[in-house]
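Visitor: Can you read through this structure? Questions will come right after.
Numbering (my numbering), first residue to last: -19 to 387.
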């Protein structure tokens, strides 16, 4: 103990303090002692702090020349120049954003292709899902077989219909106004012993149009099968009947010139624009024109070669087809995404993979907090996406669709 400490100890031991505490002289001596101790501590640490700063500076120089991150090329330069407290090394979404309430309902039509097996030809089955808000959460509100397509003020049901004549089967798509009575329609495979002369597959359904693929089987021992694609008015499918001859080109269909009029390029007018299809590509429905190349000697199947054309489908075909999120954000959220769609209200984004459909909230950006995941079967693809927006339409759909799909 230093002499000044002895003095303070002796002074404080002389008895009780008067005037409610320390004397003025004692207060002064204590303050001086504290100041002196602080000055000594600063002197002791000064050489150490200088040395520490020098060492840290050397380490920083070393790291700036020798450290490399494999992620740096993926991140904007500004992100690496900012302090770690202000931004992480790899930019992340703002997961604190509060999602808007779900004010939309979506009807999703799915087609599952069954390959040929055991002598039976290939065939397709269909189902429809309704995703909507239930008790504050997005849920699968209804599900049933066939395609339930909104049309004007009604719902139409599209299902494969099996027509037979003298041992020959025609597998055509049939359309009827949906009722509770026809909700439990059964979709079965074709009998291996019967020849399927004409089969149809649904590629797209929306508003008032459908896109159809047709396969025409020739007589045994004659030419190989021929495939065609067409866009039809949905009401044309209500005229299902046994064809006298399976010539699809003679059936009613909607040409590109009928849809686009004089705005269509000259090379797509006439027969060149007669056969076309509507397909999904990166979150949109796109028109694809078909060209056909005859098979030598008719031995190989004739399949259309589909080529995308620079045309935007009109509202009469697709009323809403805008993707809110960018494909960069979509694939950063789900790396194996193959398709995506957004709600007209902008509060939902559906991301499609080969195995499921995952619904995410969206509010100025994609929020990576899944609301719902729906499993997909193998070889199942989307053929319809139809929206109801706001009340009372969402509630009408929930009640009506549940009855029509037989939930």
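Backbone N, C-alpha and C define an ideal beta-carbon position, used for all residues, glycine too. These numbers come from a predicted model, not from an experiment.
Nearest-angstrom Cα distance between residue 297 and residue 193?
Guide: The alpha-carbon atoms of residue 297 and residue 193 are separated by roughly 17 Å.
Visitor: Is residue 375 helix, strand or coil by DSSP?
Guide: Residue 375: helix per DSSP, three-state reduction.
Visitor: Is the CB-CB distance between residue 85 and residue 378 below 8 Å?
Guide: Contact flag set, yes.
Visitor: Give me the Cα-Cα distance between residue 175 and residue 209, rounded to the nearest whole angstrom.
Guide: If I take the Cα positions, the gap works out to 21 Å.
Visitor: Shortest alpha-carbon distance to residue 109 belongs to which of 240, 130 and 246?
Guide: Of the candidates 240, 130 and 246, the one whose C-alpha sits nearest the C-alpha of residue 109 is 130.
Visitor: Let me know if residue 261 comes out buried or exposed under the rule of 16 or more other beta-carbons within 10 Å of its beta-carbon.
Guide: It counts as exposed.
Visitor: What residue from 93, 98 and 112 has the CA that sits closest to residue 105's CA?
Guide: When only C-alpha atoms are compared, the closest one is 93.
Visitor: Strictly by DSSP, which residues pair up with residue 112?
Guide: In DSSP, residue 112 forms a bridge with 119.
Visitor: Quick one, are the C-beta atoms of residue 308 and residue 331 less than 8 Å apart?
Guide: Their beta carbons are not under 8 Å apart, which means residue 308 does not touch residue 331 by this criterion.
Visitor: Let me know the secondary structure DSSP gives residue 245 once reduced to three states.
Guide: Note: residue 245 maps to coil in three-state DSSP.
Visitor: Give me the Cα-Cα distance between residue 455 and residue 96, rounded to the nearest whole angstrom.
Guide: There is simply no residue 455 to check, as the chain begins at -19 and stops at 387 in what is shown.
Visitor: Whole angstroms are fine: how far does the CA of residue 337 sit from the CA of residue 355?
Guide: Rounded to the nearest angstrom, the two C-alpha atoms are 7 Å apart.
Visitor: Please identify the residue among 319, 243 and 153 whose C-alpha is closest to the C-alpha of residue 137.
Guide: Closest by alpha carbon: 153.
Visitor: Kindly indicate which residue of 127, 273, 318 and 299 has the alpha-carbon position closest to the one of residue 91.
Guide: Per the Cα distances, 127.
Visitor: Taking the straight line between their C-alpha atoms, what separation do you get for residue 190 and residue 135?
Guide: Rounded to the nearest angstrom, the two C-alpha atoms are 14 Å apart.
Visitor: Could you tell me which residues DSSP puts in a beta bridge with residue 206?
Guide: Answer is 196 and 282.
Visitor: Are the Cβ atoms of residue 211 and residue 258 separated by less than 8 Å?
Guide: In this structure, residue 258 lies closer than 8 Å to residue 211 by Cβ.
Visitor: Going by beta carbon distance, what residues of the same chain come within less than 7 Å of residue 304, once the five residues before and after it are set aside?
Guide: Excluding positions up to five away in sequence, the list reads 322, 326, 329 and 342.
Visitor: Do residue 160 and residue 384 have their CB atoms nearer than 8 Å?
Guide: Their beta carbons are under 8 Å apart, which means residue 160 touches residue 384 by this criterion.
Visitor: Buried or exposed for residue 132, going by 16 or more other Cβ atoms inside 10 Å?
Guide: Residue 132 should be labelled exposed.
Visitor: Go ahead and pull the three-state DSSP assignment for residue 356.
Guide: The answer is coil: DSSP assigns residue 356 none of H, G, I, E or B.
Visitor: Would you call residue 374 buried or exposed, if buried means 16 or more other Cβ atoms sit within 10 Å of its Cβ?
Guide: Classification for residue 374: buried.
Visitor: Mark residue 78 as exposed unless 16 or more other C-beta atoms lie within 10 angstroms of its C-beta, in which case mark it buried.
Guide: Its Cβ having fewer than 16 others within 10 Å, residue 78 is exposed.
Visitor: Can you tell me whether residue 195 is buried or exposed, with buried defined as 16 or more other CB within 10 angstroms of its CB?
Guide: Counting Cβ neighbours within 10 Å, residue 195 comes out buried, since at least 16 surround it.
Visitor: Give the straight-line distance between the Cα atoms of residue 394 and residue 253, rounded to the nearest whole angstrom.
Guide: Residue 394 cannot be examined here, being either before or after the span of the chain that is shown, -19 to 387.
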